[in-house]
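Working notes for the structure below.
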Amino acid sequence: MTASENRLLVEGDEDRRVLPELLERAGINWGPKGAEIVKIHALDGFGNFTPDEIALQLKTSGLRRLGILVDADEDPAARWRSLRSTLSGKFALPDTSSANGLVLSSGTLRFGVWMMPDNLTRGMLETFLLALRPQNQPDLLGHAETSTDTAKSLGATFSASHRDKALIHTWLASQDPPGRQLHQAIQERMLDPAGPFATAFVAWFKDLFEIP
C-alpha cells in the first residue's frame, strides 16, 4: 500500500496536520514523511470541492482509494445534499448520511465520505476534538465555554460558526503547557483519540483504506 494509491481530500491545513497524529495515536502506522500510507490533500475550503476538482483527483495515477473529509458546519443535511450534487456524476450517494460514514466501491476504486464531527450533527474538526478531551475536567470545559461566550459578547471577532474553534483553543490555554496547537495536543496526549467517540471515525478510515 502506497500514498499514490490512497488519497484523502480535506478542507484545510489544520486537517492535514491533525489527522496523521490522531490516527497514529489510534494505532495506525502512518509511515515516515514521504512514505505515508495515505496522501492528504488540502483543498483550501469546502467551496473547492467541485465536480471538476473531483474529476481531476480521480485521474491520479495508480489511485485505488479516495476519501473526502469535510466539516458538517451548521447544517449537516445541507452539506450532505451539496456533496451528493457535487459527486452525482461519479458516485451515487444515499439520500442521507450515516453515523458510520460512507464507504462504497465503484469498479476498482474504493470511495468514502466522512463529515466531521460524526456525520449527523453540526460541527467541525474542532467539535470532534473537543470530545476527545479528558472527561475528568467537566468544570474546566464549562469555564472555557463561559470565557469564549463572554469574549464574543465583548466584541471578539470570531464568527458564530467558528465558536468551537475558539472554544478548543480557550480550553487548550488552560493545559500544561498552555497554548498548544491541535496536532501538538494529540502528540502530548491532552486529547485522546483512543476513546469511544473516535471509534467510528477510525473504523471508517480503516475500512476505506483497507487497513487491518
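Going letter by letter, the sequence shown gives residues 1003 to 1214 in my numbering.
Backbone N, C-alpha and C fix where the C-beta goes; we use that ideal spot for every residue, glycine too.
{"query": "Spatially closest choice to glutamate 1076 from Ser1006, Thr1129, Asp1178, Ala1196, by CA coordinates", "result": "Thr1129"}
{"query": "Residues sharing a beta bridge with tryptophan 1116, DSSP", "result": "Leu1071"}
{"query": "For asparagine 1050, three-class secondary structure by DSSP", "result": "helix"}
{"query": "Assigned exposure category for glycine 1114 - 16 Cβ within 10 Å defines buried", "result": "buried"}
{"query": "Beta-carbon spacing of valine 1012, isoleucine 1042 below 7 angstroms", "result": "yes"}
{"query": "Classification of alanine 1028 by the beta-carbon crowding that lies within 10 angstroms, buried from 16 upward", "result": "buried"}
{"query": "Span separating the alpha-carbon of tryptophan 1173 from that of aspartate 1054", "result": "39 angstroms"}
{"query": "Sheet register partners of glycine 1103 (DSSP bridge)", "result": "Partner(s): none; glycine 1103 has no beta bridge."}
{"query": "Leucine 1210 vs valine 1105 beta-carbon contact at 7 angstroms", "result": "yes"}
{"query": "Under the three-state DSSP convention, the category valine 1040 falls into", "result": "coil"}
{"query": "Chain-order list of residues whose beta-carbon lies under 6 angstroms from that of alanine 1080 (same chain, five-residue window excluded)", "result": "none"}
{"query": "Extent of the continuous alpha helix (DSSP H) to which arginine 1191 belongs", "result": "No alpha helix (DSSP H) holds arginine 1191; DSSP gives it neither H nor E."}
{"query": "Per DSSP, cross-strand counterpart(s) of arginine 1009", "result": "Lys1041, Leu1068"}
{"query": "Residue(s) in a DSSP beta bridge with glycine 1125", "result": "Asp1075"}
{"query": "7 angstroms CB neighbourhood of leucine 1089 in its chain, flanking five on each side removed", "result": "Ile1056, Leu1095"}
{"query": "N-terminal and C-terminal residue of the alpha helix (DSSP H) that glutamate 1026 is part of", "result": "1015–1027"}
{"query": "Nearest to serine 1006 (by Cα), restricted to the options Leu1193, Gly1014, Gly1064", "result": "Gly1064"}
{"query": "Contact between the segment 1200–1208 and the segment 1180–1192 (3+ Cβ pairs under 8 angstroms)", "result": "no"}
{"query": "Closer than 7 angstroms to chain C by CB, arginine 1086", "result": "No chain C is present in this structure, which holds just one protein chain."}
{"query": "Three-state class that DSSP yields for serine 1108 in the structure shown", "result": "strand"}
{"query": "4-residue-minimum alpha helix (DSSP H) runs that sit fully inside the segment 1159–1206, ordered along the chain", "result": "1165–1174, 1184–1189"}
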